[in-house]
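Accompanying notes for the structure given below.
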Amino acid sequence: MNVAYLGPKGTFSEEAALRYFPPNGMELVMYDSIFDVIEAVAEGEMDKGIVPIENAIEGTITLTTDGLVTNDVWIEGEAILPVALHLLTVEGADVDEIREVWSIAPALAQCRNFTRKINAKIKHYSSTANAAESLLKAGDKHAGAIASEWAAKTFGLEIARRNIHDFEGNSTRFIIISKEHAEVPDASKSMLLITPMEDRPGLLAIILNVFSSLDINLSWIESRPTKKKLGTYRFFVEAQLGAHEVNLKKAISILKTYGHDVRVLGSFHSKQL
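Numbering (my numbering), first residue to last: 170 to 442.
Encoded structure:
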């Protein structure tokens, strides 16, 4: 089985993939973008893929939601990866002499208090792993990279300061996708994509009332523009019910009766990594 993930080596995506999938008979294949991962699965080039969809602090990863709109893939699982950010340095570096900190924009934003405290300039990279790898290649003792413990192990860097993020309890939610629409009989969650056929006053409230009236708890709601007209949206809705449940089937049927397009994107379990 081959599994697509967002590279390069040392990313949180690679760590999530290695923790989620059994090691026997699995081959991890790196791709340059989230969209490339989703497309590779949709086209049958890869058996499965793993992509981030939400971060506890930064919110929804819209590259993933947009990729789900345009590609026919099935969400078969969910993985929650705790996220801890550390300051990585090359061997022999002194934190008091760090003048520049490298990382991806969201990681730098999540560690703003620390970088201000050490009065360091920031430098943007395409990923935390790319920053760590670049630091190793540069061998710069006056620079540090904000990345994970996994990246430190991958590139042989030292963890000079642990847990430098501003907020505790950060985590990233990943979805596992495949080409096959395999039903999970006892699934506990489902994701729907609802595209209204026409705009009208109270549209979102009407949609949400359908779930409320059937006592269906929604754990995530996200709107994305239809890209057809300013002010028109489609909605991602995550329900705390499997697609096999009678009440969810009723909700979908009612929404379709109202004229909305409803696509079930997946039905799955959630796994803490």
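Quick reminder that beta carbons are idealized off the backbone N, C-alpha and C, glycines included.
Using 10 angstroms around the beta-carbon of residue i, count the other beta-carbons present and answer buried if the total reaches 16, otherwise exposed.
i      : result
Ser359 : buried
Met170 : exposed
Ser295 : exposed
Gln441 : exposed
Thr231 : exposed
Asn386 : exposed
Gly338 : exposed
Thr426 : exposed
His334 : buried
Arg342 : buried
Phe336 : exposed
Gly313 : buried
Lys217 : buried
Leu277 : buried
Leu399 : exposed
Asn288 : exposed
Asn299 : buried
With a Cβ-Cβ cutoff of 8 Å, do residue i and residue j count as a contact?
i      : j      : result
Val264 : Ile291 : no
Phe404 : Ser392 : yes
Thr234 : Ser272 : no
His503 : Ala186 : The chain is shown from 170 up to 442; residue 503 falls before or after that span and cannot be answered.
Glu184 : Trp319 : yes
Lys348 : Gly213 : yes
Pro365 : His429 : yes
Ile376 : Ile363 : yes
Leu250 : Phe190 : no
Ile207 : Gly236 : yes
Val242 : Val210 : yes
Leu424 : Val431 : yes
Ile244 : Val172 : no
His476 : Ala307 : Residue 476 lies beyond the range of the chain shown here (170 to 442); nothing can be said about it.
Ser388 : Glu407 : yes
Ala374 : His413 : no
Let me check understanding here. Comparing Cα to Cα, which of the options lies closest to residue i?
i      : options                           : result
Ser436 : Lys306, Ser422 and Lys418         : Lys418
Lys286 : Ala276, Ile267, Ile219 and Pro275 : Ile267
Glu302 : Tyr427, His438 and Gly179         : Gly179
Arg188 : Ala351, Ala408, Glu247 and Gly261 : Glu247
Ile203 : Ile222, Ser357 and Asp309         : Ile222
Ala262 : Lys322, Asp309, Phe181 and Thr426 : Asp309
Gly411 : Ala374, Val353 and Ile375         : Val353
Glu327 : Phe190, Leu304 and Trp389         : Leu304
Phe324 : Thr258, Ala274, His293 and Ala351 : Thr258
Asn378 : Ala420, His350 and Tyr402         : Ala420
Leu434 : Ala351, Ser382 and Asn416         : Ala351
Ala253 : Glu260, Asn240 and Ala225         : Ala225
Ser439 : Ile344, Thr401, Asp384 and Lys398 : Ile344
Ser340 : Tyr402, Gln279, Asn240 and Ala300 : Gln279
Thr284 : Asn240, Glu260, Arg330 and Ala321 : Arg330
Asn282 : Asn240, Leu361 and Asn332         : Asn332
His311 : Asp205, Glu260 and Lys322         : Glu260
Identify every residue that forms a DSSP beta bridge with residue i.
i      : result
Trp243 : Ser347
Phe405 : Leu362 and Glu391
Phe437 : Lys358
Ser303 : Bridge partners of Ser303: none, in fact.
Pro251 : Ser340
Tyr174 : Met199 and Ile219
Val431 : Ile363
Glu414 : Beta-bridge pairing links Glu414 to no other residue.
Glu327 : Thr258
Gly313 : Val270
Just checking: is the beta-carbon of residue i within a distance shorter than 8 Å of some beta-carbon in chain B?
i      : result
Lys440 : Looking for chain B here will not work: only one protein chain is present.
Legend entry - Within the stretch 372–402, ranges of the alpha helix (DSSP H) (whole runs, at least 4 residues): 372–382
Legend entry - Unbroken stretches of the beta strand (DSSP E), 3 residues or longer, contained in the stretch 197–241: 217–224
Legend entry - Secondary structure, alpha helix (DSSP H): runs of 4+ residues fully inside the stretch 255–301: 274–279 and 281–286
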